[in-house]
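Chemist: Heads up: the sequence shown runs through residues 1355 to 1464, numbered per my numbering.
Built from N, CA and C at the ideal position, the CB exists for glycine as well.
Below: one structure in structure tokens.
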Amino acid sequence: LAINPLLPVARYILGIIHQRQGDPVRAISELKKTIYIEADFALAHLNLANIYKAQRKWDTAAREYENALRALYKSPEGSWTEFLGGFKVDLLAKTCERSLLECRKAMGVA
1355 LAINPLLPVA
1365 RYILGIIHQR
1375 QGDPVRAISE
1385 LKKTIYIEAD
1395 FALAHLNLAN
1405 IYKAQRKWDT
1415 AAREYENALR
1425 ALYKSPEGSW
1435 TEFLGGFKVD
1445 LLAKTCERSL
1455 LECRKAMGVA
């Protein structure tokens, strides 16, 4: 990041590190920066949604799951795909859809 603070992959990795260390505030900050730099970074939207879901912020989580789905369909071959670890994009989309449905149920919308 010292060399290139606008590298979305680096911001994403830092966000995931903060998330795994139990620091959602810093994780959210880095994931939002990732999205600011590359709006269609689907995994950043997905992880941001997961953090909001864990915090029971259903409406915000639902919005990010929707954003993740849009990004998946708009840019299925984006730079974020290197982090899929063998998962298929369609499986990731189904995961987003299922989590989105859970959020809507929690909000009483589904």
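Do you know how far the Cα of ARG1380 is from the Cα of GLY1369?
Modeler: Within the sequence shown, residue 1369 is the residue found at index 15, counting from 1. Within the sequence shown, residue 1380 is the residue found at index 26, counting from 1. Cα-Cα distance, rounded: 7 Å.
Chemist: May I ask you to report which of helix, strand or coil DSSP gives ASN1401?
Modeler: Walking along the sequence shown from the start, residue 1401 turns up at place 47. In this structure, ASN1401 counts as helix in the three-state DSSP scheme.
Chemist: Closer than 8 Å is the cut-off here; do at least three beta carbon pairs connect the region 1373–1387 with the region 1422–1438?
Modeler: Because the criterion of three Cβ pairs below 8 Å is not met, the region 1373–1387 and the region 1422–1438 do not touch.
Chemist: Using CA coordinates, which residue listed in GLU1392, LEU1402, GLY1376 is at the minimum distance from PRO1362?
Modeler: Position 8 of the sequence shown, counting from 1, holds the residue named residue 1362. The candidate whose alpha carbon is nearest that of PRO1362 is GLU1392.
Chemist: Applying the 10 Å Cβ sphere with the 16-neighbour rule, what's the burial state of ASP1394?
Modeler: Counting from one through the sequence shown, the residue named residue 1394 turns up at place 40. ASP1394 comes out buried.
Chemist: Leaving out five residues before and five after ILE1405 in sequence, what residues of the same chain have Cβ atoms less than 7 Å from its Cβ?
Modeler: Position 51 of the sequence shown, counted from the start, is the residue given in the question as residue 1405. Counting only Cβ-Cβ distances below 7 Å, and skipping sequence neighbours, we find GLN1373, PRO1378, ALA1381, ILE1382.
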